[in-house]
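Novice: Heads up: the sequence shown begins at 44 in the numbering used here, then just goes up one per residue.
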Amino acid sequence: MSRIPQTLTIAGSDSGGGAGIQADLKTFQELGVYGTSVVTAVTAQNTTGVTAIYPMSAQAVQTQLEAVGSDFEITALKTGMLFNPEIIKETAAAIQRFNWRNVVVDPVMIAKGGANLLQQEAVEALKHHLLPVALLVTPNIPEAEVLTGIPITDVSSRRLVAEKILAMGAKSVVIKGGHGTDPQYAEDYLLQANGESLLYRSARIETGQTHGTGCTFAAAVTAQLARGQELQDAIHTAKQFIHAALSEPLNIGSGHGPTNHAAYKTVLAESKEAANIEIFR
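#1: Buried or exposed: which applies to F323, given that a residue is buried once 16 or more other Cβ atoms fall within 10 Å of its Cβ?
#2: In whole angstroms, what separates the C-alpha of G251 from that of E291?
#3: Let me check one thing: in DSSP terms, what residues is G75 bridge-paired to?
#4: With respect to the beta strand (DSSP E) encompassing S199, which residues constitute its N-terminal and C-terminal limits?
#5: Please classify L268 as buried or exposed, where buried requires at least 16 other C-beta atoms within 10 Å of its C-beta.
#6: Using only alpha-carbon positions, find the residue among V146, V81, E73 and I130 that is nearest to A101.
#7: Starting from A119, follow the beta strand (DSSP E) in both directions and report where the run begins and ends.
#8: What are the start and end residues of the beta strand (DSSP E) that includes R244?
#9: What are the uninterrupted segments assigned as alpha helix (DSSP H) that are 4 or more residues long and contained completely in the segment 143-188, given in chain order?
#10: Between which two residues does the beta strand (DSSP E) carrying E230 extend?
#11: Quick one: measure Cβ to Cβ for G255 and T302, integer angstroms, because I've assumed they're closer than 8 Å.
#12: The beta strand (DSSP E) spanning T94 covers which residue range?
#13: What does a CB cutoff of less than 6 Å around D119 pick up in its chain, not counting 5 residues either side in sequence?
#14: Pick helix, strand or coil for G365, following the three-state DSSP scheme.
#15: Could you pull the start and end residues of the alpha helix (DSSP H) that E129 belongs to?
#16: Helix, strand or coil for T50 per DSSP?
#17: Determine, using beta carbons only, whether V82 and S56 come nearer to each other than 7 Å.
#18: Do you know whose CA, among T196, A305, I184 and V189, lies nearest L233's CA?
#19: Measuring alpha carbon to alpha carbon, tell me which of V147, G300 and P182 ends up nearest T90.
#20: Rounded C-beta distance between G78 and T181? I'm assuming under 8 Å.
#21: Compute the distance between the beta-carbons of V147 and L179, then report whether it is under 7 Å.
#22: Are the Cβ atoms of S245 and I320 separated by less than 7 Å?
#23: I278 lies in the alpha helix (DSSP H); which residues open and close that run?
#24: Taking Cβ positions, are S58 and A95 nearer each other than 7 Å?
#25: Measuring straight from C-alpha to C-alpha, what distance separates V310 and A317?
#26: Between which residues of its own chain and A288 is the CB-CB distance below 7 Å, once the five residues before and five after are set aside?
#27: What residues in its chain sit with their C-beta under 6 Å from that of A236, if we drop five residues either side in the sequence?
#28: Which residues share a DSSP beta bridge with S80?
#29: Assuming K132 contacts A168 under a Cβ cut-off of 8 Å, what Cβ separation, rounded to an integer in Å, is found between them?
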């Protein structure tokens with residue numbers, strides 16, 4: 044019997060390969076876990092934008108979830124683009140039915156090119172059905188603002204937004220700092236239901252090769268949880284993973300190019316130091 048940790052991504056397909064299911068499975072592979080998948084939508088997209096979205100039916104999502112849950116020992120999973128309320132409800136129901144733990148919810152709403160990846164009515168379904176079963180929610184700043192209706196303008200408002208997301212039922216939330224205004228640092232802020240908080244700070248990388256960063260970060264956290272890392276350590280590893288992926292760009296496409304999912308393993312293989320992530324309590 045194989046002892047490799049088994050993971051699941053429930054997300055949309057990105058024909059450009061930089062985000063969604065494709066980014067998640069690449070990240071799982073790079074971090075040494077086995078990845079399964081449930082496709083919620085097929086998108087036609089490349090580095091310049093999304094030209095079409097073809098959502099799966101709720102039944103198609105349900106039968107995929109049943110196929111995975113009935114045969115694999117999923118030790119951690121992540122959700123990405125879920126698109127509509129019906130898919131969200133099927134996803135939450137399966138999480139409860141199969142008693143899946145270590146659920147990472149990436150509340151994907153807007154593509155890098157501006158396309159809407161979550162219907163407006165689905166935001167309420169996300170809050171009421173999916174966040175209560177989440178170990179971790181990983182919004183960027185704009186997504187956190189949409190979830191709570193509160194603008195993030197400073198440290199205190201960021202804390203308030205995190206507290207409001209926890210009040211929706213999630214056990215922890217990390218508000219990613221890629222959209223922050225600090226020109227020197229990118230800060231990811233973690234708040235847990237027990238009141239403990241951490242700030243993960245890394246040097247900001249000026250690059251346009253950022254397609255799929257959110258998907259990749261959440262997938263890296265999921266992989267490390269599946270491998271047995273504690274949540275705070277899993278987030279630390281994920282931040283190192285995405286920092287490496289941004290530091291060594293592939294320079295593919297003419298728009299927002301994809302991150303380099305192989306960079307983190309290359310750093311370790313060449314005995315280089317992983318990114319210095321400062322942690323503040």
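Glycine included, C-beta positions come from ideal geometry on N, C-alpha and C.
Specialist: According to the structure shown:
#1: F323 comes out exposed.
#2: G251 and E291: Cα-Cα distance of roughly 12 Å.
#3: Under the DSSP definition of a beta bridge, G75 lacks any partner.
#4: No beta strand (DSSP E) holds S199; the alpha helix (DSSP H) holding it covers V198 to A210.
#5: buried
#6: I130
#7: I117 to T122
#8: S240 to A246
#9: 163-168
#10: Y228 to Q235
#11: 6 Å
#12: Going by DSSP, T94 is part of the beta strand (DSSP E) stretching over G92 to P98.
#13: The amino acid occupying residue 119 in the given sequence is Ala; Asp does not appear at that position. So the qualifying residues of the chain are T50, N145, T265, L268 and A269.
#14: Residue numbering for the chain in the displayed model covers 44 to 324; residue 365 lies beyond these limits and cannot be assessed.
#15: P128 to R140
#16: T50 carries a strand assignment under DSSP once its states are collapsed to helix, strand and coil.
#17: yes
#18: I184
#19: Ranking V147, G300 and P182 by Cα distance to T90 puts G300 first.
#20: Going by Cβ atoms, the distance from G78 to T181 rounds to 18 Å, so no, they are not a contact pair.
#21: yes
#22: yes
#23: It spans L274 to S290 - the alpha helix (DSSP H) in which I278 sits, taken as one unbroken run.
#24: no
#25: 7 Å
#26: T259, T302, N303, H304, A306 and Y307
#27: L209 and K214.
#28: T52
#29: That belief holds up - the Cβ atoms of K132 and A168 are roughly 6 Å apart, short of 8 Å.
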